[in-house]
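Q: Those letters in the sequence shown? Residues 8 to 490, by the working numbering.
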Amino acid sequence: MREIFEGVWSPLKEASKTAQLMTNSIVNVKNDRIIDAFALLRISIDKYEKILLHRIDEINTSRKKLLEDYEDDVMCEEQKLVKSEKDFDNNLLNNNYDIILKGKKSWIDIIKKIAQDVGKLKPPTTVEYNIEGIDQLSTAMDRILNSVRIVQRKELQNELLQHLQTETVDKTTEVKSKLFMDILKIQSLRKQVIAGKMQIALVGEHSCGKTSLIHYLLESDPFLPSDVGSVSARITCLTYADSADACLRIYSSLEERHQEFPEQISLSEYFSESEPDWDGVKDRIAVHVKRPKNLETYSKEFSLWAKSFVEIRIPSNFLKLGIDLYDTPGLIYSDPPVLRQNLHALVKTVIPTVVFMYENPCFACDTSDCFLALKTILSKQLDDTSIFFLNTKVDIDAIIDADTVIEGEEFEKTTLVNARQRRKDLLLKVPGMAQQMFHNSEFDIISVESQWDPCGIKMNQLAIDHLIQFVAISHLKNCKTSR
8 MREIFEGVWS
18 PLKEASKTAQ
28 LMTNSIVNVK
38 NDRIIDAFAL
48 LRISIDKYEK
58 ILLHRIDEIN
68 TSRKKLLEDY
78 EDDVMCEEQK
88 LVKSEKDFDN
98 NLLNNNYDII
108 LKGKKSWIDI
118 IKKIAQDVGK
128 LKPPTTVEYN
138 IEGIDQLSTA
148 MDRILNSVRI
158 VQRKELQNEL
168 LQHLQTETVD
178 KTTEVKSKLF
188 MDILKIQSLR
198 KQVIAGKMQI
208 ALVGEHSCGK
218 TSLIHYLLES
228 DPFLPSDVGS
238 VSARITCLTY
248 ADSADACLRI
258 YSSLEERHQE
268 FPEQISLSEY
278 FSESEPDWDG
288 VKDRIAVHVK
298 RPKNLETYSK
308 EFSLWAKSFV
318 EIRIPSNFLK
328 LGIDLYDTPG
338 LIYSDPPVLR
348 QNLHALVKTV
358 IPTVVFMYEN
368 PCFACDTSDC
378 FLALKTILSK
388 QLDDTSIFFL
398 NTKVDIDAII
408 DADTVIEGEE
418 FEKTTLVNAR
428 QRRKDLLLKV
438 PGMAQQMFHN
448 SEFDIISVES
458 QWDPCGIKMN
468 QLAIDHLIQF
478 VAISHLKNCK
488 TSR
């Protein structure tokens, strides 16, 4: 019996020792992160409160100065009138009629001059000011704070995650980690599904028509920078907001956009009338979206500027459908690393449908260079990325002779189908492209400049319908994968 008791006591003691060690190891190592985060939050709140109050003080001081200046001008004219009237009364009291008669014209001129000056005096315009966004601040804060939660993970998962992050795993670990990698992917996809948005990233070489396509989709006047060569360096997201909430937001980076309070610039004033003031929007956002000429392309200052992520929230029937558009800088293989890093972060965190846009149907050298850069950026994610190849600037004159009369049905079912196939065949002849084209991709042609022609309008509309259908199907596949 003693041996039986000993046989039980031995493992029980080991279990007790293990329990004691585990109990002693419970240290709230994350407490400091919570304390530091909320301390920084309080500092940030105090900072912005002081900024807002200081701005109100500046406005009130300026208004007070204008009112004081107006009051001084009124008093000055009043003193002139009092002096003239007093001189007249003194002469009248002393019976100095000769002086009155001789100075009559002078007094009349003085009085007229005072009257003219008084007539020119205008009280300062009363300018009312609103504090935009203050009412939504509490709600936004609650939403953000409620998203912070404590998540417990088993040690096995923590170790596996560390292996994945170091990227120095052996083949055995890769096999073991595949299931966990799938879990991480599904979690990322679920974020996209919960957001209820379809994401489209426009990618292509310089001057391939990305910006023109955005303006076409939004049915807007040009407001994003567009020119030959490099005109932008930041990734810009266009998303829906109503007129009152229209704004531009600037984040330090795309990855940090959910973890910080962005700099925000209101654009609501440009959408207050029946027609948007696109020129006003263009001027207001230019400094934040246009590539700065005073920064060297490969400098640290340029990298810091380019890493910032811009979000433009505006009214748009297209964006209201639940679609976010990402405008990316023109892409070439020799770009500064920060531009490739930004695009990689976009594909990794947002999981958009990539619209690869190119101008020359024969896939010119710059286009090949651009696509090689994209493949390098996507790397292992290439197979999981939905790509829509869009041949741009396919002028309608290149499809139909100017003197040719063609019925709409014939154009749509024959002429356009043949033109599309010819350009797709040219794309398939590009080395390595055939394999890519048959995997998770689609193709079409478009020409925003051909909107003047009914056939051009039809071609463009069919291309956009095709694109939206492809994006929706890709989105549904992601939803299905995440279940």
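Glycine included, every Cβ here is placed at the ideal spot set by N, Cα and C.
Does Phe187 come out as helix, strand or coil in the three-state DSSP assignment?
A: The predicted model places Phe187 with a pLDDT of 46, which falls under 50 and marks its position as unreliable, so this point remains unresolved.
Q: Which residues mark the beginning and the end of the alpha helix (DSSP H) in which Asp228 is found?
A: Run containing Asp228: none; DSSP gives neither H nor E here.
Q: Using the beta-carbon count (16 or more within 10 Å), is Leu224 buried or exposed?
A: So Leu224 ends up on the buried side.
Q: Along the chain, where does the beta strand (DSSP E) that runs through Val210 open and close?
A: Residues 205-211.
Q: Expressed to the nearest angstrom, what Euclidean distance is found between the alpha-carbon atoms of Gly329 and Ile321?
A: Taking the straight line joining both Cα atoms gives about 13 Å.
Q: When you compare each of Gln388, Met364, Leu144 to Cys2 by their alpha carbons, which one comes out closest?
A: In the structure as shown, the chain begins at 8 and stops at 490. Residue 2 is therefore absent and cannot be evaluated.
Q: Three-state secondary structure (DSSP) at Asn398?
A: DSSP places Asn398 in strand when its eight states are reduced to three.
Q: I'd like to confirm the pairing. Which residues does DSSP put opposite Met364 in its beta bridges?
A: Beta-bridge pairing links Met364 to Gly211, Leu397.
Q: For Ile272, which three-state DSSP category applies?
A: Three-state DSSP puts Ile272 in a strand.
Q: Between Val361 and Ile394, is the Cβ-Cβ spacing less than 8 Å?
A: Yes.
Q: I'd like the ranges of any beta strand (DSSP E) spanning at least 3 consecutive residues and lying wholly in the stretch 301-375.
A: Taking only runs of at least 3 residues, the beta strand (DSSP E) segments lying wholly in the stretch 301-375 are 316-321, 330-334, 360-365.
Q: Could you give the distance in angstroms between the alpha-carbon of Arg62 and the alpha-carbon of Glu56?
A: If you take the alpha carbons of Arg62 and Glu56, they lie about 10 Å apart.
Q: Taking Cβ positions, are Phe396 and Ser341 nearer each other than 8 Å?
A: In this structure, Ser341 does not lie closer than 8 Å to Phe396 by Cβ.
Q: Quick one: using the 10 Å Cβ neighbour count with 16 as the cut-off for buried, is Met205 buried or exposed?
A: It is buried - the Cβ of Met205 has at least 16 other Cβ atoms within 10 Å.
Q: Taking the straight line between their C-alpha atoms, what separation do you get for Glu181 and Val345?
A: At Glu181 the pLDDT is 44, less than 50, meaning the model places this residue with poor confidence and gives no usable figure here.
Q: Determine the extent of the beta strand (DSSP E) in which Ile257 is found, giving its start and end residues.
A: Residues 254-258.
Q: Would you say Val317 and Val288 are within 8 Å of each other, going by their C-beta atoms?
A: Contact: no.
Q: Which class does Asp76 belong to by DSSP, given the choice of helix, strand or coil?
A: DSSP places Asp76 in helix when its eight states are reduced to three.
Q: How would you write the range of the beta strand (DSSP E) that Leu261 sits in, first residue to last?
A: Counting along the chain, Leu261 falls outside any beta strand (DSSP E), and DSSP gives it neither H nor E.
Q: Taking the continuous beta strand (DSSP E) assigned at Asp451, which residues delimit it?
A: Element bounds for Asp451: 448-452.
Q: Could you check if Gly140 is buried or exposed, using at least 16 other CB atoms within 10 Å of its CB as the buried criterion?
A: The residue is exposed, with fewer than 16 neighbouring Cβ atoms inside 10 Å.
Q: Helix, strand or coil for Thr383 per DSSP?
A: Note: Thr383 maps to helix in three-state DSSP.
Q: Where does Gln234 land, buried or exposed, given buried means 16+ other C-beta within 10 angstroms?
A: One detail in the question is off: residue 234 reads as Asp in this sequence, not Gln. Exposed, since its Cβ has fewer than 16 Cβ neighbours within 10 Å.
Q: What is the DSSP secondary structure of Asn88, counted as helix, strand or coil?
A: For the sequence presented, residue 88 should be read as Leu rather than Asn. Of the three classes helix, strand and coil, the one that applies to Leu88 here is helix, per DSSP.
Q: Would you list the one or two residues that DSSP bridges to Thr243?
A: DSSP lists Val317, Asp334 as partners of Thr243.
Q: When the Cα of His213 is compared with those of Val354, Ile50, Phe230, Pro336, which residue comes out closest?
A: Nearest C-alpha to His213: Pro336.
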